[in-house]
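**Student:**
2 protein chains.
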Amino acid sequence: MRIGWALLMTVMVMASTTAEQEPQLLRLMPWPESVKNVSGSGRLIIGNSFSVSVSAGANPQLRRAVAIFLDDLRRHTGSLPLDFAFSESGTGQLQISVDHASKEVQELGEDESYGLEVAASAATLKAPTTLGAMRGLQTFLQLVEITPQGFSIPAVVIQDKPRFPWRGLMIDSSRHFTPIDVVKRNLDGMAAVKLNVFHWHLSENQGFRVESRRFPKLHEMGSDGLYYTQEEVRDIVSYARDRGIRVVPEFDMPGHSTSWFVGYPELASGPGPYSIERKWGVFDPAMDPTRESTYKFLDGFIGEMAKLFPDEFFHIGGDEVNGKQWDANARIQQFMRAHSLKTNADLQAYFNERVQKIVAKHGKTMEGWDEILRPDLPKSIVIQSWRGQKSLADAAQQGYRGLLSSGYYLDLINPTSQHYAVDPFTGPTASLADADKQKILGGEACMWAEYVSAENIDSRIWPRMAAIAERLWSPQNVTDTNSMYARMDEIGRWLDAYGLTHNTARNFMLQRIAGAADISALQTLVDVVEPVKGYSRYDLASSEPTALTALNRLIDAAPPESLFARHFSMLVDAFVAGQIKPGMEIEIRAALSNWKDNAENLGPLAEKSSLVQEGLPVSQNLSALGAAGLQALDYLDRGERAPENWKNTQIALVNQAAPPKAQLLIMVGAPVQKLILAAASSGANAPLPAASTK
Amino acid sequence: MRIGWALLMTVMVMASTTAEQEPQLLRLMPWPESVKNVSGSGRLIIGNSFSVSVSAGANPQLRRAVAIFLDDLRRHTGSLPLDFAFSESGTGQLQISVDHASKEVQELGEDESYGLEVAASAATLKAPTTLGAMRGLQTFLQLVEITPQGFSIPAVVIQDKPRFPWRGLMIDSSRHFTPIDVVKRNLDGMAAVKLNVFHWHLSENQGFRVESRRFPKLHEMGSDGLYYTQEEVRDIVSYARDRGIRVVPEFDMPGHSTSWFVGYPELASGPGPYSIERKWGVFDPAMDPTRESTYKFLDGFIGEMAKLFPDEFFHIGGDEVNGKQWDANARIQQFMRAHSLKTNADLQAYFNERVQKIVAKHGKTMEGWDEILRPDLPKSIVIQSWRGQKSLADAAQQGYRGLLSSGYYLDLINPTSQHYAVDPFTGPTASLADADKQKILGGEACMWAEYVSAENIDSRIWPRMAAIAERLWSPQNVTDTNSMYARMDEIGRWLDAYGLTHNTARNFMLQRIAGAADISALQTLVDVVEPVKGYSRYDLASSEPTALTALNRLIDAAPPESLFARHFSMLVDAFVAGQIKPGMEIEIRAALSNWKDNAENLGPLAEKSSLVQEGLPVSQNLSALGAAGLQALDYLDRGERAPENWKNTQIALVNQAAPPKAQLLIMVGAPVQKLILAAASSGANAPLPAASTK
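Protein sequence lines, in the order shown, are assigned to chains S and V. In the working numbering, each number is its position in the first sequence, counted from 1, plus 28. In the working numbering, each number is its position in the second sequence, counted from 1, plus 28.
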């Protein structure tokens with residue numbers, strides 16, 4: 029039997045209770061600037077004959093946006109393609125008016141504000157631009173819920189606008205390829221949480237992912253056949269634009285570029301030949317910044333890509349050049365001396381200046397990672413910071429615009445609360461002058477792809493991305509973590525409607541791991557573990573992982589954050605603090621008891637499957653924790669102070685369970701330790717009030 | 029807490045036990061003609077470097093088939109696009125040889141046989157044709173399982189060939205449109221169970237679904253914009269062909285054709301104007317068989333479609349003409365008298381003869397439903413029988429080929445065992461002379477689409493389709509129902525890898541119905557109910573369902589067959605027969621107790637949702653059954669014979685729970701009744717052995 033689900037639900041309820049200090053918990057994420065819940069004013073019913081009309085400002089963008097909105101509404105209500113109506117005029121139950129169309133090619137900083145008023149009879153959505161109307165339509169959708177009257181939405185008055193103009197998600201489609209349908213469903217998810225930039229990392233040592241007609245050996249020899257045709261790119265750009273999302277391509281140079289050199293070794297600073305890199309890390313190959321032919325090539329290439337990607341910004345990467353090929357090349361050394369370039373950083377700055385001129389020539393604004401920032405570059409460029417707020421503040425004071433990605437790296441497998449606490453304006457950026465603050469455009473979450481496949485990438489992005497989206501959209505004072513978790517949980521399930529697999533892929537993967545239908549023991553285990561954090565997966569690997577290493581293990585199926593463990597910790601905190609509610613101890617005992625039995629329950633599966641087998645040491649540690657916790661409760665129930673040697677033995681078990689096994693961390697060690705300490709503490713010799721609830 | 033899952037697992041184990049009377053239960057469906065499990069000979073390991081080579085007969089079809097196979101293998105092992113290798117020559121771990129390529133356009137009756145030998149070191153797949161190799165590759169895939177050595181397949185020797193040359197699935201994409209991705213994933217599923225005909229029902233009163241460049245008003249005015257472009261059709265045909273599946277289009281005429289008349293009212297026998305039909309049923313509009321312009325139109329149209337669909341067969345429907353428009357049209361009546369056509373059937377026969385000549389002129393063989401069978405038509409035509417074996421036997425004796433669909437209508441929501449028991453050779457067809465038997469080509473399951481959407485169509489097709497596929501492929505003596513259910517359950521989960529949603533859509537739909545994450549009470553209910561059967565959904569509807577009626581209710585989420593109820597029945601049968609095993613009574617009690625509490629548990633959800641609310645009467649009946657069953661067990665446990673008036677009261681409750689509520693049937697009434705009768709029977713006054721297991 030799984031008890032996980034029931035426990036998880038209690039997380040929801042507890043969190044909701046906190047959030048209900050706001051008038052009513054609405055399933056909205058990002059939370060709007062202003063929400064008034066007009067309680068007692070009834071609800072607008074969404075029946076099969078629900079209709080939308082445009083009362084002012086109809087334009088083709090808006091028509092497409094409404095068509096997409098109605099499709100989305102059908103998914104969220106189980107309605108059919110012929111349900112709901114749209115008319116340019118008339119009085120629909122939802123009446124939209126916009127002042128003017130948004131730009132044909134979406135631009136940074138366009139007005140995205142909107143006002144939404146819902147009454148029982150009708151709703152009105154007013155926005156200065158089509159883009160604002162799109163954001164308001166997403167808010168409308170999030171409010172749809174099943175009620176005793178069928179699907180309906182509550183009476184509300186919402187005024188809303190984003191805090192930052194650049195709210196992005198970067199997907200690395202190079203280290204592992206992202207199929208088109210995966211990109212599209214993630215764009216759906218992005219639109220749902222009002223993100224507006226899809227930063228597409230398209231070239232890397234491990235793969236060059238776009239068809240180049242000008243330099244076809246780039247994709248023919250650099251991609252293993254896994255690349256996007258230009259037609260597919262145009263399709264994605266159009267799909268994104270219809271959802272109010274800009275697409276910023278990144279072609280990383282001069283480093284991170286081995287895959288370019290497979291077909292064009294003459295671009296490199298070393299002799300070659302080159303093959304597509306299969307390992308992870310920072311590698312030596314780098315473009316040769318000293319040859320005119322390099323710039324001629326880049327002029328041709330950037331010219332071609334500038335046409336394919338209509339956005340104003342063009343990301344040239346520019347990160348992590350180790351300089352070894354430059355050091356080893358006598359001709360390059362000679363060039364540096366001749367041009368008074370003292371360091372490799374100087375040489376890269378020279379390269380960047382040249383590239384910036386090419387990018388500008390093709391009508392684009394250059395963007396790059398922290399490393400590109402050098403005073404010689406024009407103030408128009410944008411710095412994407414993986415280093416942090418200090419780096420951004422320095423850039424802003426020098427007059428450069430920037431966006432924050434440090435703190436938003438989804439591949440580091442950190443808890444949502446950690447990302448949620450990262451604000452573009454903290455520390456060095458918080459104390460900037462107002463004019464300099466304007467230079468901070470927003471932020472971007474980054475999904476680097478060493479350890480994600482088409483199968484589990486959604487689970488690394490969602491639902492955590494929704495919380496980061498809130499950080500970048502909502503007022504700075506929207507920081508209640510419990511409310512965030514409660515709403516994120518709901519939005520996470522709600523995103524299932526778009527075919528995102530963050531919830532559904534897990535069971536499929538666990539059943540494949542087990543080779544069995546009954547995976548309850550495996551689920552119990554996976555419910556309380558998390559993959560190792562940061563770069564430990566690489567560091568801890570017994571054999572070096574490569575681009576060919578299957579991503580089919582427990583670590584690949586386990587979600588980045590154990591909400592179950594978070595809930596259990598909260599329960600234990602309340603319990604040891606004496607804030608005990610009816611049922612609380614029973615719930616804690618049920619979880620501990622389930623863990624205690626886990627190694628035994630998992631045994632039969634482990635015997636059948638090598639992929640379960642590797643999880644057995646984790647399971648054994650979990651069983652030990654379960655047993656320790658139960659003993660602690662027994663002491664507490666009896667009002668008997670646990671002996672010191674018992675405590676020491678149990679703490680040793682907790683410590684033993686702490687290091688990762690199978691690259692998985694058990695997340696319930698700390699609360700079990702709290703129970704042990706409570707049992708052994710001096711206050712434990714009087715029966716706790718909880719004993720009566722047993 | 030859900031106990032459903034654990035119970036269901038026991039079904040598996042029980043069924044496996046039965047099937048283990050075969051040497052070892054292999055996850056194979058359809059079951060091959062001959063399987064030898066070479067136990068003790070080790071297993072072939074499928075690692076990341078697994079490779080396939082073609083030792084003889086390489087051809088482009090085979091290359092594509094191997095590429096698809098490797099993709100499938102990646103899904104089933106969680107491997108990546110760069111894993112596994114294919115070489116034309118050399119010695120792969122799987123070596124394929126074929127004698128010759130299959131036909132460029134797949135034909136009826138091509139050789140599909142193959143032999144597969146797997147040893148620990150390597151596997152060989154030999155087939156006369158590429159098509160046979162495709163079938164063998166599917167068998168190989170089904171054998172892949174996780175083991176202590178990683179993914180591997182057991183040593184086996186398999187010889188296999190199909191029993192019937194025509195094994196099909198018809199999808200009605202007209203009553204509700206089937207999006208392209210849904211069609212494709214169903215083609216994947218079809219290929220997995222060795223089906224070879226996709227019969228595509230493309231026109232109906234409710235919609236005309238293919239772009240016609242010659243008569244564009246067909247799709248422009250007859251489809252609500254929901255149609256397949258010719259490019260999409262070609263894509264589907266090619267996708268199917270790469271998987272060894274023929275695509276037979278059906279354009280239903282002269283009836284079932286209202287959607288044609290919206291754009292071309294001159295084709296009809298009544299005055300018009302026409303609009304797309306929204307209701308379900310048989311309607312009056314029919315083509316005018318008396319005007320030459322009708323045949324001129326059909327000549328143009330069939331000529332266009334004959335090029336688009338390369339298969340030899342062209343299905344003209346021909347069913348259910350009610351003749352009312354013909355009766356009401358004086359000109360048509362005059363024509364009938366002039367041509368000595370006495371009945372509307374005669375008139376339709378005249379129409380069919382004319383159409384057959386057109387179909388033949390464009391190089392195709394005509395196929396149609398039973399009604400087209402008239403002695404004047406050439407013997408080449410094929411009859412698809414919705415009427416049954418008698419109809420087929422009659423046709424065969426007249427020299428016509430036929431295939432069986434009666435008994436395979438998936439939309440009637442019958443249990444798998446019922447379909448599985450339907451054999452093309454039973455009754456009238458069984459006693460045919462051998463030469464006439466050759467005329468029976470096989471069968472086709474039919475997925476009529478009144479009550480399926482893109483969201484739940486997979487759950488109506490799968491996994492039941494797999495059992496019908498076995499009936500049409502495997503030897504006639506493969507009839508063990510327990511083995512079938514056990515293997516179907518495994519294959520059903522295994523098909524998840526293709527993105528089929530028969531398992532995953534349910535939770536999504538239930539969560540939407542409940543508007544909540546914790547749907548355990550709803551799942552308990554849905555686990556033991558089935559949608560009403562046959563055409564009752566229409567008959568029982570409180571308001572007439574149409575093409576616009578949302579398919580978002582409990583009846584739409586409930587699977588066609590309750591495997592949980594099947595298992596519970598088996599448990600109770602054993603229990604009342606005294607064949608009691610340890611744990612059995614506990615399991616029965618747990619289920620009953622869960623049901624007893626269901627109405628109370630479902631209450632809070634029902635208060636919040638109109639879609640749950642309608643299920644409450646079902647839940648109340650289920651609770652009554654649970655309570656009755658528990659009381660019966662109490663009597664049995666005490667060795668006390670239940671009083672007659674108690675029995676009568678309980679049987680009345682069972683009877684009260686029998687009629688459908690919310691168009692759902694509770695499937696556990698019969699076993700609960702057995703418990704009641706056992707408690708009240710004369711043999712019940714001695715304690716049952718089971719009492720000791722409590």
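Note that beta-carbon positions come from the ideal geometry of N, C-alpha and C, so glycine has one too. A quick note: this is a predicted structure, and the numbers were derived from the prediction, not measured.
(1) Ordered along the chain, which non-local residues of its own chain (more than five positions away) have a Cβ less than 6 Å from that of Ala-708 of chain V?
(2) Could you give the first and the last residue of the continuous alpha helix (DSSP H) run that contains Phe-596 of chain S?
(3) Between the stretch 200 to 220 of chain V and the stretch 83 to 92 of chain V, can you find at least three pairs of beta-carbon atoms closer than 8 Å?
(4) For the alpha helix (DSSP H) containing Lys-675 of chain V, name the first residue and the last one.
(5) Mind listing which residues of the stretch 168 to 193 of chain V have their C-beta closer than 8 Å to chain S's C-betas, in chain order?
(6) From the beta carbon of Gly-70 of chain S, is the nearest beta carbon of chain V less than 7 Å away?
(7) With 16 as the cutoff for other CB atoms within 10 Å, does Ile-485 of chain V come out buried or exposed?
(8) Rounded to whole angstroms, what is the Cα-Cα separation between Gly-137 of chain S and Thr-532 of chain V?
(9) Can you list, in chain order, the stretches of the alpha helix (DSSP H) that have 4 or more residues and sit fully within the stretch 179 to 239 of chain V?
(10) Under 7 Å, Cβ to Cβ, is there at least one residue of chain V near Asn-214 of chain S?
(11) Going by C-alpha distance, which of V:Ile-174, V:Leu-108, V:Asn-442 and V:Ser-67 is nearest Ser-638 of chain S?
(12) Whose C-alpha, out of V:Ala-690, V:Ser-368, V:Asp-139 and V:Ala-366, is nearest the C-alpha of Asp-567 of chain V?
(13) Please classify Ser-83 of chain V: does DSSP put it in a helix, a strand, or coil?
(14) Taking the C-alpha atoms as reference points, what is the distance between Tyr-256 of chain S and Val-554 of chain V?
(15) Note the first and the last residue of the continuous alpha helix (DSSP H) segment covering Ala-155 of chain S.
(16) How would you list, in chain order, the residues of chain S whose beta-carbon sits under 8 Å from the beta-carbon of Leu-576 of chain V?
(17) Using the DSSP secondary-structure output, state which residues sit across from Asn-65 of chain V in a beta bridge.
(18) Please classify Gly-346 of chain S as buried or exposed, where buried requires at least 16 neighbouring CB atoms within 10 angstroms.
(19) Check whether the Cβ of Val-276 of chain V lies closer than 6 Å to any heavy atom of the ligand FMN, and answer yes or no.
(20) Would you say the stretch 367 to 378 of chain V touches the stretch 152 to 163 of chain V, given that touching needs at least three Cβ pairs under 8 Å?
(21) Count the CB pairs spanning the stretch 487 to 503 of chain S and the stretch 469 to 477 of chain S that are closer than 8 Å, and state whether there are at least three.
(22) Taking its Cβ as the centre, do 16 or more other Cβ atoms sit within 10 Å of Ile-344 of chain S, making it buried, or is it exposed?
(23) Kindly say whether Asn-626 of chain S, judged by its beta-carbon, lies nearer than 7 Å to any beta-carbon of chain V.
(24) Can a CB atom of chain S be found closer than 7 Å to the CB of Gly-520 of chain V?
(25) In this structure, how does DSSP classify Leu-528 of chain V when only helix, strand and coil are distinguished?
(26) Examine the Cβ distances between the stretch 587 to 596 of chain S and the stretch 427 to 445 of chain S and report whether three or more of them are shorter than 8 Å.
(27) Pairing CB atoms from the stretch 313 to 325 of chain V with CB atoms from the stretch 290 to 298 of chain V, are three or more of them under 8 Å?
(28) When you compare only the Cα positions, how much space is there between Leu-386 of chain S and Gln-258 of chain S?
(29) Quick one: what's got a C-beta closer than 6 Å to Gln-49 of chain S's C-beta in the same chain, skipping five residues either side?
(30) Do Tyr-448 of chain S and Met-512 of chain S have their beta-carbon atoms positioned less than 7 Å apart in this structure?
(31) Lys-64 of chain S to Val-184 of chain S, Cα distance in whole Å?
(32) Determine the direct distance from the alpha carbon of Pro-403 of chain S to that of Gln-426 of chain S, and round the result to whole angstroms.
(33) Roughly how far, in whole angstroms, is the beta-carbon of Ile-616 of chain V from the beta-carbon of Val-600 of chain V, given that I think they are within contact range, below 8 Å?
(34) Would you please state the rounded distance, in angstroms, between the beta carbons of Glu-348 of chain S and Gly-283 of chain S? I believe it to be under 8 Å.
(35) Kindly list the residues whose CB is nearer than 7 Å to the CB of Pro-193 of chain S, restricted to its own chain and excluding five residues on each side of it in sequence; keep chain order.
(36) Return the residue from the list S:Ala-660, S:Gly-331 and S:Glu-628 that minimises the CA-CA distance to Thr-552 of chain S.
**Tutor:** Taking the geometry as given:
(1) Reading the second sequence from its first residue, position 680 is the one you call residue 708 of chain V. Counting only Cβ-Cβ distances below 6 Å, and skipping sequence neighbours, we find Ala-670 and Lys-675.
(2) Position 568 of the first sequence, counted from the start, is the residue given in the question as residue 596 of chain S. 591 to 604 is the span of the alpha helix (DSSP H), which, as asked, contains Phe-596 of chain S.
(3) Too few Cβ pairs lie closer than 8 Å, so no.
(4) For the purposes of this step, residue 675 of chain V is taken as residue 647 along the second sequence, with counting starting at 1. Segment 672 to 685, the alpha helix (DSSP H) holding Lys-675 of chain V.
(5) Interface annotation for the stretch 168 to 193 of chain V against chain S: Glu-173, Ile-174, Thr-175, Pro-176, Gln-177 and Gly-178, criterion Cβ-Cβ distance under 8 Å.
(6) Your numbering for residue 70 of chain S matches position 42 in the first sequence. Under the Cβ criterion of 7 Å, Gly-70 of chain S is not counted among the residues facing chain V.
(7) For the purposes of this step, residue 485 of chain V is taken as the residue at position 457 of the second sequence. Result: buried.
(8) Numbered from 1 along the first sequence, position 109 holds the residue referred to as residue 137 of chain S. Numbered from 1 along the second sequence, position 504 holds the residue referred to as residue 532 of chain V. Rounded to whole angstroms, Gly-137 of chain S and Thr-532 of chain V show a C-alpha spacing of 40 Å.
(9) Fully enclosed alpha helix (DSSP H) runs of 4 or longer: 208 to 220.
(10) Here the question's residue 214 of chain S lines up with position 186 in the first sequence. Look at Asn-214 of chain S: its C-beta is not under 7 Å from any C-beta on chain V.
(11) Locating residue 638 of chain S in the first sequence gives position 610, counting from the first residue. With respect to the C-alpha of Ser-638 of chain S, the residue from V:Ile-174, V:Leu-108, V:Asn-442 and V:Ser-67 having the closest C-alpha is V:Ile-174.
(12) Along the second sequence, read from residue 1 onward, the residue named residue 567 of chain V stands at position 539. The shortest Cα separation from Asp-567 of chain V among V:Ala-690, V:Ser-368, V:Asp-139 and V:Ala-366 belongs to V:Ala-690.
(13) Position 55 of the second sequence, counted from the start, is the residue given in the question as residue 83 of chain V. Here DSSP, grouped into helix, strand and coil, assigns Ser-83 of chain V to strand.
(14) Within the first sequence, numbered from 1, the residue matching residue 256 of chain S stands at position 228. Within the second sequence, numbered from 1, the residue matching residue 554 of chain V stands at position 526. For Tyr-256 of chain S and Val-554 of chain V, the distance between alpha carbons rounds to 43 Å.
(15) Your numbering for residue 155 of chain S matches position 127 in the first sequence. Counting along the chain, Ala-155 of chain S falls outside any alpha helix (DSSP H), though it belongs to the beta strand (DSSP E) covering 151 to 157.
(16) In the second sequence, residue 576 of chain V corresponds to position 548, counting from 1. For Leu-576 of chain V, the residues of chain S that pass the 8 Å Cβ criterion are Asn-76, Leu-108, Leu-110 and Asp-111, in the order they occur in the chain.
(17) Against the second sequence, residue 65 of chain V aligns to sequence position 37. Note: Asn-65 of chain V sits in a beta bridge opposite V:Val-184.
(18) For the purposes of this step, residue 346 of chain S is taken as the residue at position 318 of the first sequence. When all chains shown are included, Gly-346 of chain S counts as buried.
(19) Of ligands this structure carries none, so the ligand FMN is not represented either.
(20) When C-beta atoms of the stretch 367 to 378 of chain V are compared with those of the stretch 152 to 163 of chain V, fewer than three pairs fall below 8 Å, so the two segments do not count as touching.
(21) In short, these stretches touch, since the Cβ pair count reaches three.
(22) Taking the first residue of the first sequence as 1, we reach residue 344 of chain S at position 316. By the 10 Å Cβ count, Ile-344 of chain S comes out buried.
(23) For the purposes of this step, residue 626 of chain S is identified with residue 598 of the first sequence, where counting begins at 1. Closer than 7 Å: no.
(24) The residue labelled residue 520 of chain V in the question sits at position 492 within the second sequence. No - not a single Cβ of chain S is within 7 Å of the one on Gly-520 of chain V.
(25) The residue labelled residue 528 of chain V in the question sits at position 500 within the second sequence. Coil at Leu-528 of chain V, not helix or strand.
(26) Counting C-beta pairs with one atom in each stretch, the stretch 587 to 596 of chain S and the stretch 427 to 445 of chain S have three or more that are closer than 8 Å, which means they touch.
(27) Touching, per the Cβ criterion.
(28) For the purposes of this step, residue 386 of chain S is taken as the residue at position 358 of the first sequence. For the purposes of this step, residue 258 of chain S is taken as the residue at position 230 of the first sequence. The amino acid at residue 386 of chain S is misidentified as Leu; the sequence shows Ile. C-alpha separation (whole angstroms): 21 Å.
(29) For the purposes of this step, residue 49 of chain S is taken as the residue at position 21 of the first sequence. Reliability fails at Gln-49 of chain S, whose pLDDT of 38 lies under 50, so the model's placement of it is uncertain and no value is given.
(30) For the purposes of this step, residue 512 of chain S is identified with residue 484 of the first sequence, where counting begins at 1. For the purposes of this step, residue 448 of chain S is identified with residue 420 of the first sequence, where counting begins at 1. Contact flag set, yes.
(31) Looking up residue 64 of chain S in the first sequence gives position 36. Looking up residue 184 of chain S in the first sequence gives position 156. Their backbone Cα atoms lie some 6 Å apart in a straight line.
(32) The residue given as residue 426 of chain S occupies position 398 in the first sequence. The residue given as residue 403 of chain S occupies position 375 in the first sequence. Whole-angstrom Cα-Cα distance: 8 Å.
(33) By one-based count along the second sequence, residue 616 of chain V stands at place 588. By one-based count along the second sequence, residue 600 of chain V stands at place 572. For Ile-616 of chain V against Val-600 of chain V, the beta-carbon gap comes to about 7 Å, under 8 Å, which counts as contact.
(34) Taking the first residue of the first sequence as 1, we reach residue 348 of chain S at position 320. Taking the first residue of the first sequence as 1, we reach residue 283 of chain S at position 255. Between the beta-carbon of Glu-348 of chain S and that of Gly-283 of chain S there is about 6 Å, and that keeps the pair under the 8 Å contact cut.
(35) For this step, residue 193 of chain S is matched to residue 165 along the first sequence. The beta carbon of Pro-193 of chain S sits closer than 7 Å to the beta carbons of Leu-136, Gly-137, Leu-469 and Gly-470 from its chain, once the five residues preceding and following it are set aside; these are given in chain order.
(36) Within the first sequence, numbered from 1, the residue matching residue 552 of chain S stands at position 524. Closest in alpha carbon position to Thr-552 of chain S, among S:Ala-660, S:Gly-331 and S:Glu-628, is S:Glu-628.
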